[in-house]
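Numbering (the working numbering), first residue to last: -16 to 527.
A short write-up of the structure that comes next.
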Amino acid sequence: MTSGAAHTMDVNLADLVGAIADALPGREALVCDGDRRTYPELLDRASQVAQHLIAAGIEPDETVGLYLLNSVAYIEALLGCMLARATPVNINYRYTGDELSYLFTGAALAALVVDAEHAGLAASVAVGCPTLRHVLVAGLGEHGEPDGPVHFPEPVTVADFGAAVAAAPTARPDNHRGGDDKLIIYTGGTTGLPKGVLWRHEDFFFSALAGGNHYGPPRLTIEEVVAAAAEVPSGGYLITAPMMHGAGTYTLFSALLLGAKVVLSRKFDAAATLRLVAAEKAMALAVVGDAMARPLVDELAAHPGEYDLSSLLIFGSGGALLSASVRAQLAWMYPDLYITDRFGASETGTDGELSGGSTAARPKLVHSGNVQVLDDALRPVMPGGTGRIAKSGHVPLGYYGDEFATRATFPVIDGVRWALLGDLARVEEDGSIVVLGRGSTCINTGGEKVFPEEVEQALKAHPAVLDAVVAGVADERFGERVAAVVSLRLGASADAEALRAHCRESLAGYKVPARVEFVPVVLRSPSGKADYLWARKLLAGQRD
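Here's what the structure looks like:
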């Protein structure tokens, strides 16, 4: 088994953004809730973060946690870590004390940048993280003070982010940055404990960012990246995902490497997002699946003509699939809009784009190269067979601090390192790849395999359904039965039998939910991913 020749570019991601800042000093780089930065201003602030971290004793490859909601400070801190050659670590701001403690300790955090509103919880778990030495608290007096005094354990030093950064020099550190510098993307952990995916910058550039070009061949030099950015109109690139999610980070750098103006909001709101499209003349709007796409489409349908989307060219989803019903409705309302549905994972970056797919047909993966379907023996699957999607070439080094999990997910086969996804796929007779769904969520009912994503697509095509998550429940006869947690649109009505009848129009009988549990809101992560652990507990009668 062989993989294609890997491209090379020995460069730190922040230096690519810095090269664009130097070449296009008039470009606006970032807008978040009225706070703005040009590319030079952003790089100056990031350099100040880097200089502060270095002065605080943070060494290359040491980890720095980013425990922040979307903000200008988040982007400054992320780029600052990279300029300091420190390893940034995304932290889910929804995590509880136990989850935070697990991440703080597992990531061996040396430093932390945290929102004031989260500082108290961070301090309470820092006691169990002996590697933590320095904390920067962002947003003091801006987004709310901490709940009571915040005391990090000695000898941790604590400083105000704004004041400390402003006092540091703006010169970019001279510290031999390159493609071997690291970043960590922690997985969401909705089906188990989160893991930190350890990337080299060079691998991240070519795999997660498609070499700076998702619509053509990779760019192989800094000069090519800068020249391409100069040719792209300086329109807005509106990202609805939280930056602490992998899809948010991927999209952020994809936009910055185009020289675009990244538009963020601290929290997602459909109406506010649509108003931002017009206000910032956004040419692209990035979402994470239906959790963000459906509220946007519903808002547009409820208020026809109210929102000016004339600047919008691209509507892209990554990190979670768009349902066929949402995609069809959006295409009907805006037939000239280019709708993309990118497929990937924290462990592989961007693997390609999904095409087709409806309530009766699963999507095909138009992959970006070095992608195969492997069987249980880790050999290529022949046409007609099924297996796990895998990628070679520019893949991560592994899971940070977890050698056992690394060996399982990133095996070396015939001298080549591969990344094995949890997604199962079938190879068609023509060699094309049909995505079936996550193997970890697959339901085995009487020996028949049911992938929740297919049933969710069918349910969400019903006009009364707002959202749905499908999971298996224990059954004495069949081992498992298909069950669904469903929320209905405001003012709509449908009972379980109506939904089952609707599903029978496109699904085999054994795939139709035997049980439907209605809830006011389907629980998802902040990034929009389905929480299957929550769904299983609810369906098993374990209400929290």
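Glycine included, each C-beta is placed from N, C-alpha and C at the ideal position.
By DSSP's assignment, F461 forms no beta bridge with any residue. Nearest Cα to G398 within the set D406, L407, G376, E412: G376. Within the same chain, and ignoring the five residues on either side of L(-1) in sequence, the residues whose Cβ sits closer than 7 Å to its Cβ are I205, V208, L240.
G474 and V448 have their alpha carbons spaced roughly 11 Å apart.
Secondary structure of P216 (DSSP, three-state): coil. Counting C-beta atoms within 10 angstroms of its own C-beta, N353 has 16 or more neighbours from the protein chains shown and is therefore classed as buried. In this structure, V417 keeps its C-beta atom at 8 Å or more from the C-beta atom of A518.
Contact check for S470 and V505: beta-carbon distance about 5 Å, within the 8 Å limit, so the pair qualifies. For L13 against V245, the beta-carbon gap comes to about 5 Å, under 8 Å, which counts as contact. For G299, the uninterrupted beta strand (DSSP E) segment begins and ends at 297 to 301.
Taking 8 Å as the upper bound for CB-CB distance, F87 and V120 are not in contact here, some 16 Å apart. In this structure, W182 lies away from L203, with their beta-carbon atoms at least 8 Å apart.
Between N53 and L257, the CB-CB gap reaches or exceeds 8 Å. The residues G462, E463, in chain order, have a CB closer than 7 Å to that of N427 in the same chain once the five nearest residues on each side in sequence are set aside.
The shortest CA-to-CA distance from L348 to any of E459, S329, D385, L304 is the one to L304.
If you check the CB distance, V72 and T114 do not come in under 8 Å. Here DSSP, grouped into helix, strand and coil, assigns E206 to helix. If you look at K494, you'll find it isn't in any alpha helix (DSSP H); DSSP assigns it neither H nor E. Rounded to whole angstroms, C15 and L192 show a C-alpha spacing of 22 Å. Straight-line measurement puts the Cα of H485 at about 11 Å from the Cα of Q440. Per DSSP, A91 is not a residue of any alpha helix (DSSP H), being assigned neither H nor E. For I58, no beta strand (DSSP E) encloses it; the enclosing alpha helix (DSSP H) starts and ends at 55 to 66.
Excluding sequence positions up to five before and after R249, its CB lies within less than 8 Å of the CB of C15, D16, L52, N53, S54, H126, all in the same chain and listed in chain order.
Annotated three-state conformation of E82 is helix, per DSSP. Rounded to the nearest angstrom, the gap between the Cα atoms of A479 and A210 is 56 Å. Contact between L357 and R371 holds: CB atoms are separated by about 6 Å, below the 8 Å threshold. Collapsing the DSSP output to three states places G195 in a helix.
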